[in-house]
Each structure stands twice: as structure tokens, then as C-alpha cells.
Amino acid sequence: MNTNDCMSFEDFTKLCGISLPSPIENDHHRTNQNSNNDQEDLFQIMIDNRVNALHEDLKNDLNRTKISMQTNFIVELERLKNDLMKQIESHSLNAQLIDEIERLRAENKRLRQLQPRL
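Numbering-wise, the sequence shown is residues 12 to 129 according to my numbering.
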């Protein structure tokens with residue numbers, strides 16, 4: 012095929028994996044109009060198939076992106092939760108510290124009572 016030659020519609024449909032119906036139906040040759048309508052129908056089917064394939068590809072890509080974003084979101088939330096828990100632990104009074112504070116207050120009170128008054 013030269014660069015100036017065009018591919019026939021029949022060759023194009025064969026390349027795309029779509030076969031044209033037989034040119035003879037019910038022992039009658041098709042008219043050119045029927046052939047054009049069949050070619051238009053086949054072309055429409057090819058376009059529909061391509062659009063459906065692209066739609067499926069886009070849907071799959073979006074689903075993968077969504078899952079990836081959700082995974083990243085969960086990982087980030089877990090990291091933030093751990094950071095928050097560390098900060099809460101470092102800034103909060105736990106039971107041992109409260110017991111120690113109460114013990115020191117009691118000891119201070121006892122020492123003040125033992126100290127002679129001036």
C-alpha cells in the first residue's frame with residue numbers, strides 16, 4: 012500500500028476485528044445503499060465498543076486512584092493518631108504522677124508542722 016492509498020472500509024473493519032456481512036442475502040445482491048448503511052452500522056458499533064472500552068479503562072483508573080488515596084488517607088490518619096497519643100501522654104498527668112504529688116504535699120505539710128515557729 013502506497014502512502015497515497017487509502018485503506019478500504021472492509022480492510023479497516025477486518026483490522027478492528029469486525030467482519031462485514033456477506034454481500035449476498037436471500038439470493039439477492041445488496042444495493043449500494045444497504046452496503047453503506049451496513050458500513051455505517053459497523054462503524055457505529057466500532058465507535059460504541061471503543062467508547063465502552065475507554066469508559067471501562069477510566070472507571071478502573073479512577074477506582075485505583077480512589078483506593079490509593081483512601082490508603083494514603085488511612086496511613087496519614089494513623090500517623091496523626093500516634094503523634095496525638097504521644098503528645099497527650101507527654102502533657103497529661105497519669106495516676107502515678109498524681110499519687111506522687113499527693114505524697115509530696117503530705118510530706119510538705121508534715122515538714123511544715125515540724126519546723127519551729129519563729
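Glycine residues also receive a C-beta, built at the ideal position from the N, C-alpha and C atoms.
Please read these numbers as outputs of a predicted model, since none were measured by experiment.
- Rounded to whole angstroms, the gap between the alpha carbons of Phe23 and Leu91 is 57 Å.
- The shortest CA-to-CA distance from Gln50 to any of Ser19, Met80 and Gln98 is the one to Ser19.
- Residue state for Met57 is assigned as helix, using DSSP reduced to three classes.
- Contact between Met57 and Cys27 holds: their C-beta atoms lie close to 5 Å from each other, under 8 Å.
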